[in-house]
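A short worksheet on the structure shown next.
Structural data, given as structure tokens:
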């Protein structure tokens, strides 16, 4: 009996695509279509369809003269993004712990993936969390301080491209449209930090700052958040200062390691 919960049963084309990518990654040399099909034990016609799609999407490159196949630029980009996330989370840990100890709040580190922000590390504070974003979880950029801090690294046209259908509303204070978001991002760029006040969950306030590479690119963001009753303006200012110091120190650390590598 077939297991309908199996990924192989549910999406055979996806499984074949992943097997092709794994084979090309491990091969250490370019391969022909015939070689790929033979090594995977799959019909050549099926492999041809999968590879054609992967070539079109940039995951596989096909030499126009020899037709031999190698991993494409998109596979490299995804690998680089994974390496960056791992490097960031490891390098950020002492700075996050320092902020946590200084202000007594949970600190989160996130990177952008499309229109979402993804938490890649956190340093747990002493307070019971009213709302928690687990490591690996995605939240919408436009409705979170972390996400808006990450979006400050994009020009307006790139922000607009992320939201062709407008902004999803989560609470009554969620930003209503893309022009309003762009205005908030412009202000956040000028002052060096972003906030949200109940825009994803009512009663939760967040302050976040971007982490920049040595080239000035926004590569991540740090934040703290908690119930509005505890996060008054004075505490927000305290948290913001600690986060900005940590983000600057982390960015400098990443730059030093890049220059030495």
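Numbering (UniProt numbering), first residue to last: 1 to 261.
Glycine included, each C-beta is placed from N, C-alpha and C at the ideal position.
CA nearest to the CA of residue i, picked from the options
i: residue 238; options: 208, 254, 251 and 252; result: 208
i: residue 144; options: 210, 36 and 194; result: 194
i: residue 26; options: 180, 42, 44 and 69; result: 69
i: residue 281; options: 255, 228, 234 and 222; result: Because the chain here runs from 1 to 261, residue 281 falls outside it and cannot be looked at.
i: residue 127; options: 44, 226 and 17; result: 226
i: residue 75; options: 66, 248, 141 and 58; result: 58
i: residue 232; options: 215, 196, 249 and 66; result: 196
i: residue 77; options: 172, 199 and 113; result: 113
i: residue 240; options: 171, 216, 142 and 100; result: 100
i: residue 171; options: 199, 188 and 179; result: 199
i: residue 148; options: 117, 234, 66 and 86; result: 117
Distance CB(residue i)-CB(residue j) smaller than 8 Å
i: residue 122; j: residue 135; result: yes
i: residue 146; j: residue 206; result: yes
i: residue 88; j: residue 109; result: yes
i: residue 203; j: residue 228; result: yes
i: residue 46; j: residue 19; result: no
i: residue 56; j: residue 72; result: no
i: residue 129; j: residue 159; result: no
CB-CB length for residue i against residue j, believed under 8 Å
i: residue 224; j: residue 103; result: 7 Å
i: residue 218; j: residue 150; result: 6 Å
i: residue 177; j: residue 166; result: 6 Å
i: residue 33; j: residue 48; result: 6 Å
i: residue 131; j: residue 236; result: Not a contact, Cβ separation roughly 16 Å.
i: residue 31; j: residue 42; result: Contact doesn't hold; Cβ gap of about 13 Å is too wide.
Residue i beta carbon near the ligand HEM (any heavy atom closer than 7 Å)
i: residue 174; result: Within the structure as shown, the ligand HEM is missing, as the structure has no ligands at all.
Backbone CA spacing between residue i and residue j [nearest angstrom]
i: residue 155; j: residue 40; result: 44 Å
i: residue 311; j: residue 106; result: Since the first and last residues shown for the chain are 1 and 261, residue 311 lies out of range.
i: residue 254; j: residue 213; result: 7 Å
i: residue 5; j: residue 251; result: Any reading at residue 5 needs caution, since the residue's pLDDT is 46, under 50, leaving its predicted position unreliable; the model's value is listed next. Near 43 Å, if we compare the C-alpha coordinates of residue 251 and residue 5.
i: residue 94; j: residue 242; result: 13 Å
i: residue 91; j: residue 63; result: 39 Å
i: residue 169; j: residue 175; result: 7 Å
i: residue 230; j: residue 52; result: 55 Å
i: residue 22; j: residue 183; result: 44 Å
i: residue 14; j: residue 54; result: 11 Å
i: residue 115; j: residue 164; result: 11 Å
i: residue 246; j: residue 96; result: 7 Å
i: residue 36; j: residue 12; result: 17 Å
i: residue 249; j: residue 152; result: 19 Å
i: residue 215; j: residue 189; result: 16 Å
i: residue 38; j: residue 44; result: 8 Å
i: residue 179; j: residue 82; result: 32 Å
i: residue 142; j: residue 185; result: 10 Å
i: residue 29; j: residue 220; result: 34 Å
i: residue 66; j: residue 79; result: 26 Å
i: residue 86; j: residue 173; result: 34 Å
i: residue 187; j: residue 133; result: 26 Å
Residue i at chain E interface by Cβ criterion, 8 Å
i: residue 139; result: Structure shown: chain E not included; a single protein chain is present.
What runs of the beta strand (DSSP E), each 3 residues or longer, lie entirely inside the segment 152-235? 194-197, 204-212 and 218-227
Beta strand (DSSP E) runs contained entirely in the segment 4-77, provided each spans 3 or more residues: 60-62 and 69-71
At 3 residues or longer, what runs of the beta strand (DSSP E) sit wholly inside the segment 83-137? 107-113 and 116-123
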